[in-house]
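In the numbering used here, the protein residues as written are 37 to 494.
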């Protein structure tokens, strides 16, 4: 091509995506979240059409109680992603997706993977037993328990969720090895397949078996994808490492233990809201909150994809001490995500108000405008805090443990107290108070201080 010729101009959609810092991994991650957002109304319509208010409450609370698995994760997913991304700077995949590169790095990664897999399997069994027993006690106390068939669906859901839980290290190591695009493509396919199955099953009368069916689809997709696409990659970990190994107590445990404690207590920052409403209000209020919260969490998850899909890249840049490029990417994608979250939150709130104004038949299945607005503001603040901690954790460090734990306990107590007295408005106001008024200023100060000290010292 002569010097006078210019390369062909990209299409306007491609240019728009570039301006919004959307790479392929982010595209699939955002597409997954927006599939959830777009398919959500269909699922919700089917739920309110075929479920009674009491069954709706059990349905959303099933998912909330399954969220207790965060108490069993022991921060293995984030630890594996962070540590693997640091090792990845000396590794690569060949054309057959076999792991190649520095032998010591391969040996250390194998050691990390084998230990993580064994521990995760034990945790999955423990979660299955304890969650199953807890659910049998917790749901039996509701007034509608004798009117619904829920015990067998619940135990099946717990069993399938335990199997999916055991696969976490396999997905985490792939993410750390910069297979982020492929993982989010899997999530998109899995999300579409799960939605289709749910849409078929609800009118057929599957009732409270729906969560178990959705989890079964997830499990089949993940197993099929890993075995079909990465058999040679995982074959590397089938043999004991013969070279360098990881000194877990020295290299990983200080970071993992802090993440683990924060993860255990983080349940009280938000996830406790739905069980509080289910316990101290009723299943109808819990159902309203659960549907509204799930939609808002989908919006937040889509926006967080801008930063979270860059986590392996952050780890590589930190290993290379290329802090200028790290900050450039972080600030650009962070600004896009925060702005988008504010716009989407405003649109959703407008929709809630609009449903009330036109007296839509199913408007009372969602929260009213006031608690919804409180949750949106709190979630925007929570998104900024999340980005700050993603940045810090990418360094393989997790500071301010004691302050974080005290904050989580305080948050849980405030949510519990305000939920008892003021219901959905109370828990929503408590969530906003803790995240926007207390956490955000403290987190921002700590992030600025640590970023300056860590980069200056290195």
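Glycine included, every Cβ here is placed at the ideal spot set by N, Cα and C.
The secondary-structure analysis by DSSP pairs residue 136 across a beta bridge with 128. In the three-state reduction of the DSSP assignment, residue 280 falls in the coil class. Residues 336, 339, 340, 373, 374 and 377 of the same chain have their beta carbon placed closer than 8 Å to that of residue 419, with the five preceding and five following residues left out of the count. About 5 Å separates the Cβ atoms of residue 369 and residue 343, confirming a contact at the 8 Å cut-off. Proximity of the segment 156 to 165 to the segment 391 to 408 falls short of the contact definition, fewer than three beta-carbon pairs being nearer than 8 Å.
In the DSSP annotation of this structure, the continuous segment of the alpha helix (DSSP H) that includes residue 92 starts and ends at 89 to 102.
Between residue 250 and residue 225, the gap from beta carbon to beta carbon reaches 9 Å or more.
Residue 309 has its alpha-carbon roughly 33 Å from the corresponding atom of residue 350. In the DSSP annotation of this structure, residue 470 is not part of any alpha helix (DSSP H), being labelled neither H nor E. Residue 186 carries a coil assignment under DSSP once its states are collapsed to helix, strand and coil. In this structure, residue 257 sits near residue 229, with a CB-CB distance shorter than 9 Å.
By the criterion of a C-beta distance shorter than 7 Å, residue 472 is surrounded in its chain by 413, 414 and 417, once the five residues flanking it on both sides are discounted. Residue state for residue 269 is assigned as helix, using DSSP reduced to three classes. With a cutoff of 9 Å on beta-carbon distance, residue 120 and residue 145 are scored as near each other.
Each residue's CA atom was taken as its position, placing residue 83 and residue 127 some 47 Å apart.
Around the C-beta of residue 488, fewer than 16 other C-beta atoms lie within 10 Å, and the residue is accordingly described as exposed.
The beta carbon of residue 113 lies closer than 7 Å to those of 204 and 208 in the same chain, with the five residues before and after it left out. Note on geometry: alpha-carbon atoms of residue 148 and residue 345 lie some 22 Å from one another. Burial check for residue 156: the Cβ neighbour count within 10 Å reaches 16 or more, so the residue is buried. Rounded to the nearest angstrom, the gap between the Cα atoms of residue 266 and residue 133 is 6 Å. Residue ranges of uninterrupted alpha helix (DSSP H) with 4 or more members are absent from the segment 388 to 417; none lies entirely inside it.
Looking from the CA of residue 69, the closest CA among 443, 177 and 380 belongs to 380. Residue 253 is positioned such that its CB atom lies no closer than 9 Å to that of residue 102. Counting along the chain, the unbroken alpha helix (DSSP H) around residue 348 starts and ends at 347 to 355. Here DSSP, grouped into helix, strand and coil, assigns residue 258 to helix.
Rounded to whole angstroms, residue 218 and residue 72 show a C-alpha spacing of 18 Å. For residue 83, the uninterrupted alpha helix (DSSP H) run begins and ends at 60 to 86, by DSSP. Across the structure, residue 95 and residue 404 are spaced so that their CA atoms are roughly 20 Å apart. In this structure, DSSP gives residue 109 a state outside helix and strand, which the three-state scheme calls coil. Rounded to the nearest angstrom, the Cβ distance from residue 61 to residue 295 is 23 Å, too far for a contact under 8 Å.
For residue 211, the uninterrupted alpha helix (DSSP H) segment begins and ends at 204 to 212.
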